[in-house]
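Before any comments, here is the structure.
There are 2 protein chains.
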Amino acid sequence: MSGQKIRNMEEFAAASGISRPTVSKYFNDPDSVRDSTRVRIEAALDQYDYRPNIYAVNQNRRLTKNIGIVVPFLSDPFFAEIARKLETLVIEAGFRPVVLGSHGGTEQENDNLETLRSLKPAGVLLAPLGRASDKSAVETFCRHVPTVLFDSNIEDIGEAFIGSDNISFVDQTVEYLCRTGEPPSFFEMRTPANPNANKRRLAYLAAMERAGHAPDVISVEGEGWGFEEIGRRGTHDAFDAGSLTSRSILCSNDRLAIGLLAACYERGLKVGRAEGSDLRVASHDDHPFSRFTCPSLTTAAHDYDAVAEQAVKTLFELIEGGRPLNDRKELLYPARLVLRDSA
Amino acid sequence: MSGQKIRNMEEFAAASGISRPTVSKYFNDPDSVRDSTRVRIEAALDQYDYRPNIYAVNQNRRLTKNIGIVVPFLSDPFFAEIARKLETLVIEAGFRPVVLGSHGGTEQENDNLETLRSLKPAGVLLAPLGRASDKSAVETFCRHVPTVLFDSNIEDIGEAFIGSDNISFVDQTVEYLCRTGEPPSFFEMRTPANPNANKRRLAYLAAMERAGHAPDVISVEGEGWGFEEIGRRGTHDAFDAGSLTSRSILCSNDRLAIGLLAACYERGLKVGRAEGSDLRVASHDDHPFSRFTCPSLTTAAHDYDAVAEQAVKTLFELIEGGRPLNDRKELLYPARLVLRDSA
DNA sequence: CAAATTTCTTTACGCGCGTAAATTTCTGTC
DNA sequence: GACAGAAATTTACGCGCGTAAAGAAATTTG
């Protein structure tokens, strides 16, 4: 890093003794220039630390190197974690990730999509809000920008959906709970924000029927994304109302379970599979905090890595193909049962 | 939203019957044009939903409307939450936030700063990694971009620092614990990533001395940002080694405390202030999950809002002033003690 | 109503780079 | 050493917008 200030590619080209168009070629693909020229450019490059003005670059490209990553809630460690994985993969592919969180709000999700459109991204990885999504806004967006949905599906929107197989999640937890004790009740929000929740309830009902057990669904009230508090409050209410009598509970997701465990603790109930416990609790998602609950939470883990990798791979196929897929792809990955102390 | 496609400001100006330079003025400041013209432009605006190409706009502005927001770890709900608050404030001020997480890595932090420089932001709100920060890289960055540090301070770097007053945090928790029971031992990481941790230890020592109690610091091993596991592991180790005998524990931060509570639960120890408890635990930060631990965690809460608002306010003063502050500002906000069940 | 002032229009240039076309120079091969 | 093909250079234009200057039009002032 020395020498005088370089203001633009013109000056940098002059300083490195190469013509500007060739330097431009180099920045678009270092392998597209002769070895000897690449060496000269790179020598100049660390003498005068210059980098192309990204605004000028993107103005002249039809499609930029930006990849949008949108998740419903960045404060949820689950989404923060998958966003991080996607980010890493996108960078490895030589693109620039732009991570946006919708904070659980329809308006914010629409704003994010609009922001992305103005960034002219090469493609977008979108985990939609679900029920709260403005479907027509999302659909319009997807018609203009190659988009792969992940985590939560919206029928026929986007070029593909990559997610987890909710049936596999529930089948494994239900099978495990039935095999090792009392058949579970299902604990969920009555009006879940996320479409996966509905699939999980249906999968629970089906699994219980197959096993010849009577299902029991406990639906608690509550709106929004404060799942832990909804689960905690709902648990107390259900106990008070006498609707929670089962000694085996399967939660729709870990964040509800965290609230449920807190409520049980507050009521002096002992949760676990050990002798002398009052009830067992299992759940789904393998939330980053679920190993630190008291007791640690038995749950079904997403195949984070597979979902992230497949979503990115699908998107880049889409981008390179240059045209929509002939038929919308839906790929679901099975869960991995994680046995801990709660069940 | 109808009419034909508008490709650029030229076409939009023609469609609205206004000259392009005037339209340009409008977009830079709607109040800078006559009322009657503004009405005509806005009428055209929702007829042909056009918006200026942000790349072309930013190419010609010396400083863009971008504000960088960098936090050490986006997967930590604490940072996700404060980033969200900052984001909101920045949008309200008419700027575009660009949120980046450093994932706990020096290299990623440097990458983020470099990314930001290429975005030519009007200013940056930076919560540095702390001990792991590449100080000279951060300093160089701050010389080129108006930067306000928050959460964790690096001496003399950046135009200002807005954070929490660690002494106030520890003073309140120590005072409370001493007043209501046994004086606490202090539980921390031996090599904390964050400079606040050191300040808290010093504050603990000072507070104990003032109160005439013998301090007792339990430092656990562990590197990185997996604080919960470090706390859990460290707690077991400390019990096994017989170095944890106190019935009153003050954790450096909530994430460590979450791990400590998990370990206590695993050992069958009852934590709380209620009769018959084995020990009391308090902590600092009021992490979003700390009300759902078992038992819920007594802690000292950051004044999130004040820190966020002050950081943004300071940055905009800096930007509008157009020049560095004559003396570096350091503003610290006191904690608010949050009493829950753990102590 | 004329003068003063504000606002708008017209014209024109520049930002930094992508990219195409034509030409020149370089590379490797027989 | 001549030659084909690859790679680099020269030249030139365009992207969409900011912005400056000068004049025309609209508005406000007295």
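Each protein sequence line maps, in turn, to chains A and B. For reference, each letter of the first sequence is one residue, going 1 to 343 in this note's numbering. For reference, each letter of the second sequence is one residue, going 1001 to 1343 in this note's numbering. A virtual CB, placed ideally from N, CA and C, is assigned to each residue, including glycine.
Check	Outcome
Going by the C-beta, is A:F289 closer than 7 Å to any heavy atom of the ligand PLP?	Although the ligand PLP was asked about, the structure shown includes no ligands whatsoever.
Short of 8 Å Cβ to Cβ, which residues in the region 1251-1262 of chain B face chain A?	I1258, G1259, L1261 and A1262
B:E1081 and B:Y1304 - do their beta-carbons sit closer together than 8 Å?	yes
Once DSSP output is grouped into helix, strand and coil, what is the label at A:A122?	coil
Taking a Cβ distance cut-off of 9 Å, strictly less, list which residues of the region 282-306 of chain A are near chain B, in chain order.	P288, F289, R291, F292, T293, C294, P295 and S296
Give me the subset of the region 1011-1033 of chain B whose CB atoms are less than 8 Å from a CB atom of chain A, sorted by chain position.	none
Any beta-carbon of chain A closer than 8 Å to the one on B:Q1059?	yes
Please check the pair A:A211 and A:C178, which I expect to be a contact at CB under 8 Å, by giving their CB distance rounded to whole angstroms.	5 Å
Quick check on the DSSP output: the beta strand (DSSP E) that includes B:N1028 runs from which residue to which?	Careful: B:N1028 lies outside any beta strand (DSSP E), inside the alpha helix (DSSP H) at R1020 to N1028.
Could you check how far apart the C-beta atoms of A:H302 and A:A335 are, in whole angstroms? I think they sit under 8 Å.	7 Å
Since A:A80 meets chain B, which of its residues come closer than 7 Å, beta carbon to beta carbon?	L1074, S1075 and A1080
The alpha helix (DSSP H) that contains A:A14, what's its start and end?	M9 to S16
Relative to the alpha-carbon of A:L260, which residue among A:D341, A:D151, A:V281 and A:S277 has its alpha-carbon at the smallest distance?	A:V281
Can you give me the Cβ contacts of A:R96 inside the same chain, cut-off strictly under 6 Å, excluding the 5 residues immediately before and after it?	K65 and N66
How many angstroms separate the CA atom of B:S1102 from the CA atom of A:L86?	14 Å
Can you tell me which of the three DSSP states A:S219 falls into?	strand
In chain B, what lies closer than 9 Å to A:V99 by C-beta?	L1074, V1099, L1100 and G1101
Below 8 Å on the Cβ atoms is my guess for B:T1147 versus B:G1123; work out the distance and round it to an integer in Å.	7 Å
Taking Cβ to Cβ, would you say B:E1193 is nearer than 8 Å to B:R1131?	Per the sequence shown, residue 1193 of chain B should be read as Ala rather than Glu. Yes; because the gap between Cβ atoms is below 8 Å, this pair is in contact.
The region 1042-1059 of chain B: which residues have C-beta closer than 9 Å to a C-beta of chain A, in chain order?	R1051, P1052, N1053, I1054, Y1055, A1056, V1057, N1058 and Q1059
Kindly list the residues whose CB is nearer than 7 Å to the CB of B:Y1333, restricted to its own chain and excluding five residues on each side of it in sequence; keep chain order.	S1164, D1165, D1303, A1306 and V1307
In chain order, what residues of the same chain have a beta carbon less than 8 Å from the beta carbon of B:D1111, not counting five sequence neighbours either side?	none
So the candidates are B:V1023, B:Q1047, B:N1028 and B:G1226; which of them puts its Cα closest to the Cα of B:S1036?	B:V1023
Would you kindly report the start and end of the unbroken alpha helix (DSSP H) that includes A:T298?	Premise fails: A:T298 lies in the beta strand (DSSP E), T298 to A301, not in any alpha helix (DSSP H).
B:E1087 by DSSP, collapsed to three states: which one?	helix
Please list, in chain order, all residues of the same chain as B:M1001 whose beta carbon is under 8 Å from its beta carbon, the five residues on each side excluded.	Note that B:M1001 has pLDDT 48, beneath the 50 cutoff, so the model's placement of it is unreliable and the number below is only indicative. Counting only Cβ-Cβ distances below 8 Å, and skipping sequence neighbours, we find D1046, Q1047, Y1048 and D1049.
Roughly how many angstroms separate the alpha carbons of A:A56 and A:I6, rounded to a whole number?	16 Å
Please check if any C-beta of chain A sits within less than 8 Å of the C-beta of B:E1228.	yes
Expressed to the nearest angstrom, what Euclidean distance is found between the alpha-carbon atoms of A:Q59 and A:K120?	10 Å
Which value, in whole angstroms, describes the spacing of the CA atoms of B:R1038 and B:E1229?	58 Å
Give the secondary structure of B:L1149 by DSSP, where H, G and I count as helix, E and B as strand, and everything else as coil.	strand
Within 10 angstroms of the Cβ of B:A1241, are there 16 or more other Cβ atoms? Answer buried if so, exposed if not.	exposed
Compute the beta-carbon to beta-carbon distance between A:R61 and B:L1074, rounded to the nearest angstrom, for a pair I have assumed lies under 8 Å.	28 Å between Cβ atoms; not a contact.
Of the choices A:V71, A:F169 and A:A160, whose alpha-carbon is the least far from that of A:A349?	Because chain A here runs from 1 to 343, residue 349 of chain A falls outside it and cannot be looked at.
For a contact defined as C-beta to C-beta under 8 Å, what are the partners of B:Y1265 on chain A?	C294 and P295
At what residues does the alpha helix (DSSP H) containing B:C1178 begin and finish?	N1166 to T1180
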